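Here is the structure we will look at, set down as structure tokens.
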Amino acid sequence: MNYPESGKPRPYLSLSLSLIPPPTVTSPPKTTLAHVLPQRHYLLSPLIWQLESIPRMDLMSIIRKRLIISKLPWITSIFSVQLCSIPKGAVQRDGDYHRAVHVWFFAESTQELLLQRRADCKDSWPGLWDISSAGHISVGDSSLITVRRELQEELGLTLPNDAFELLFVFLQQSVTNNGNFINNEFDDVDLVTTVSPIPLEAFTLPESEVSVVKYISIEEYKQALAKEDPKYVPYSLEGQYGQLFDIIMKRYHCNVEAPSLDLQKKINRYAPMSLTAELTGLTKEDKEALVLLIHAARMMDDIFHQQVLFSNPSLRDWLKGNAHKSHFDKLKWSYYSVNKSPWSCLDENEAFLTTADSAIRLLPESTKSIPGWNGIEYKAAFSMKKPSGANFYPSYMDKMVTMLQGYLTLEL
Numbered sequence: 000m001n002y003p004e005s006g007k008p009r010p011y012l013s014l015s016l017s018l019i020p021p022p023t024v025t026s027p028p029k030t031t032l033a034h035v036l037p038q039r040h041y042l043l044s045p046l047i048w049q050l051e052s053i054p055r056m057d058l059m060s061i062i063r064k065r066l067i068i069s070k071l072p073w074i075t076s077i078f079s080v081q082l083c084s085i086p087k088g089a090v091q092r093d094g095d096y097h098r099a100v101h102v103w104f105f106a107e108s109t110q111e112l113l114l115q116r117r118a119d120c121k122d123s124w125p126g127l128w129d130i131s132s133a134g135h136i137s138v139g140d141s142s143l144i145t146v147r148r149e150l151q152e153e154l155g156l157t158l159p160n161d162a163f164e165l166l167f168v169f170l171q172q173s174v175t176n177n178g179n180f181i182n183n184e185f186d187d188v189d190l191v192t193t194v195s196p197i198p199l200e201a202f203t204l205p206e207s208e209v210s211v212v213k214y215i216s217i218e219e220y221k222q223a224l225a226k227e228d229p230k231y232v233p234y235s236l237e238g239q240y241g242q243l244f245d246i247i248m249k250r251y252h253c254n255v256e257a258p259s260l261d262l263q264k265k266i267n268r269y270a271p272m273s274l275t276a277e278l279t280g281l282t283k284e285d286k287e288a289l290v291l292l293i294h295a296a297r298m299m300d301d302i303f304h305q306q307v308l309f310s311n312p313s314l315r316d317w318l319k320g321n322a323h324k325s326h327f328d329k330l331k332w333s334y335y336s337v338n339k340s341p342w343s344c345l346d347e348n349e350a351f352l353t354t355a356d357s358a359i360r361l362l363p364e365s366t367k368s369i370p371g372w373n374g375i376e377y378k379a380a381f382s383m384k385k386p387s388g389a390n391f392y393p394s395y396m397d398k399m400v401t402m403l404q405g406y407l408t409l410e411l
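Set out below in structure tokens:
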């Protein structure tokens, strides 16, 4: 793939199917095209729902590896499958289904979200307040590559991978500009949690993309959306996108007592055991060997933690270092020690911790220099769902296992 030079439209991946008169099918497949799209565009909707479980994977790379198309002989005999790169303007003009990223910045200390006001020259929603940052995923790029690129282009921020927490995938559909802008977009919705607001003067805003940014309290923003304030890009609080606000409210707008009791109940399911060592009768050499065995066990324990949660290795040290601060912090560390991860193995790997409980990291050079400001402090993120490749080592096993899982669970 030859990528366009800077300033030219990027290619975007479009998956469309042109209907051809079907041949006689003796054994009808189990999977059906449940979602028929307008006019000439037909989408493999069941496949897209499978791909939602692989949000960080590149659709093109999966197709290249024949993990999906090779399983669809009946579909390829009925439909002409087209994978093509097309200009951004044509995507929305024709209503092609495509992928994009949405990034929200949330400041813990003030309970505020960062919004940007779209430039007046934008094709859609010009001059309105919108998401912290957003952009389309180009052919060959992953979701994470895209989100980092968009932040640099729109806000002048440089953040590492562990700053982004994928919350959910959302299908956004709208028709604006008198029918000339048709948006059918699968959005990876990411959250970046900072300890405090980023100074507004730290942002670098391109005039063609963003006119200004501001922080707004989450309650005030919800009220603006609820009453359909014309100054804001509309999002439904009752629809899929309402998950964003529900997740944040659940993390920060509840007292400590309830989650403390819940963690204590989880811990009580385990029976404490007392282990003692009987060293009488051991030779000097045996004791020296025992010391080495204990040392090796500790090393293996460290490796196991990396296998389970390689994307956030600092979480264990953070919880351990803060366990003395409160009874709740002690419970977090105790239950984490049992599971060796933030997911409870007795509860189908349901998360008992969130990014709000995670380690704080400082990025002194992530923006342009501001006198008297040390840089962005953010929470190292981890997924609410246990990654498909967790417990495997090395970390790249995550990618392979996720691909295979999506391949094997596809019911045809």
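So the sequence shown is residues 0 to 411, counted in numbering that gives the first Met the number 0. Backbone N, C-alpha and C fix where the C-beta goes; we use that ideal spot for every residue, glycine too. Computed from a predicted model, the values in this text were never measured in an experiment.
Pull up the distance between the alpha-carbon of residue i and that of residue j, whole angstroms please.
i, j, result
"residue 161", "residue 311", "7 Å"
"residue 116", "residue 148", "19 Å"
"residue 298", "residue 381", "24 Å"
"residue 113", "residue 131", "5 Å"
"residue 242", "residue 295", "44 Å"
"residue 386", "residue 278", "42 Å"
"residue 74", "residue 325", "Note that residue 74 scores a pLDDT of 39, beneath 50, so its modelled location is shaky; the value from the coordinates is reported in the next line. Cα-Cα distance, rounded: 58 Å."
"residue 317", "residue 363", "20 Å"
"residue 166", "residue 283", "55 Å"
"residue 134", "residue 118", "14 Å"
"residue 121", "residue 352", "39 Å"
"residue 328", "residue 321", "6 Å"
"residue 137", "residue 290", "54 Å"
"residue 220", "residue 273", "53 Å"
"residue 343", "residue 349", "5 Å"
"residue 368", "residue 315", "32 Å"
"residue 288", "residue 245", "54 Å"
"residue 306", "residue 359", "21 Å"
"residue 253", "residue 370", "36 Å"
"residue 261", "residue 238", "29 Å"
"residue 285", "residue 275", "17 Å"
"residue 249", "residue 375", "24 Å"
"residue 338", "residue 227", "45 Å"
"residue 313", "residue 345", "24 Å"
Does residue i pass the burial test, meaning 16 or more other C-beta atoms within 10 Å, or should it be called exposed?
i, result
"residue 193", "buried"
"residue 126", "exposed"
"residue 335", "buried"
"residue 201", "buried"
"residue 140", "buried"
"residue 269", "exposed"
"residue 347", "exposed"
"residue 372", "exposed"
"residue 217", "buried"
"residue 211", "exposed"
"residue 302", "exposed"
"residue 340", "buried"
"residue 21", "Low confidence applies to residue 21: its pLDDT is 42, below 50, so where it sits in the model is not reliable, and the reading given next is rough at best. It counts as exposed."
"residue 95", "buried"
Is the beta carbon of residue j closer than 8 Å to that of residue i?
i, j, result
"residue 256", "residue 208", "no"
"residue 384", "residue 357", "no"
"residue 191", "residue 181", "no"
"residue 109", "residue 196", "yes"
"residue 240", "residue 169", "yes"
"residue 111", "residue 214", "yes"
"residue 172", "residue 179", "no"
"residue 366", "residue 155", "yes"
"residue 247", "residue 105", "yes"
"residue 128", "residue 230", "yes"
"residue 259", "residue 199", "no"
"residue 150", "residue 158", "yes"
"residue 236", "residue 225", "yes"
At least one CB of chain D closer than 8 Å to the CB of residue i: is that the case?
i, result
"residue 156", "Protein chain content of the structure displayed is limited to a single chain, and chain D is not contained in it."
At which residue ranges does the region 206 to 288 contain complete alpha helix (DSSP H) runs of 4 or more residues, listed in the order of the chain?
Positions of the alpha helix (DSSP H) runs, each at least 4 residues long and wholly inside the region 206 to 288, are given as 217 to 225, 241 to 251, 256 to 267 in order along the chain.
If you pair each beta-carbon of the region 93 to 108 with each one of the region 184 to 201, do three or more pairs fall below 8 Å?
yes
Fully enclosed by the region 90 to 119, which beta strand (DSSP E) runs are 3 residues long or longer?
96 to 106, 111 to 117
Would you check if the region 259 to 276 and the region 333 to 353 touch, i.e. whether three or more CB-CB distances between them fall below 8 Å?
yes
Hey, which unbroken runs of the alpha helix (DSSP H) at 4 residues or more fall wholly within the region 302 to 338?
313 to 321, 326 to 338
Which parts of the region 118 to 206 are runs of the beta strand (DSSP E), unbroken and 3 residues or longer, counting only runs that do not cross its ends?
132 to 135, 164 to 175, 180 to 193
For the region 338 to 378, which segments carrying the beta strand (DSSP E) assignment without a break, of at least 3 residues, lie completely within its bounds, in sequence order?
359 to 362, 375 to 378
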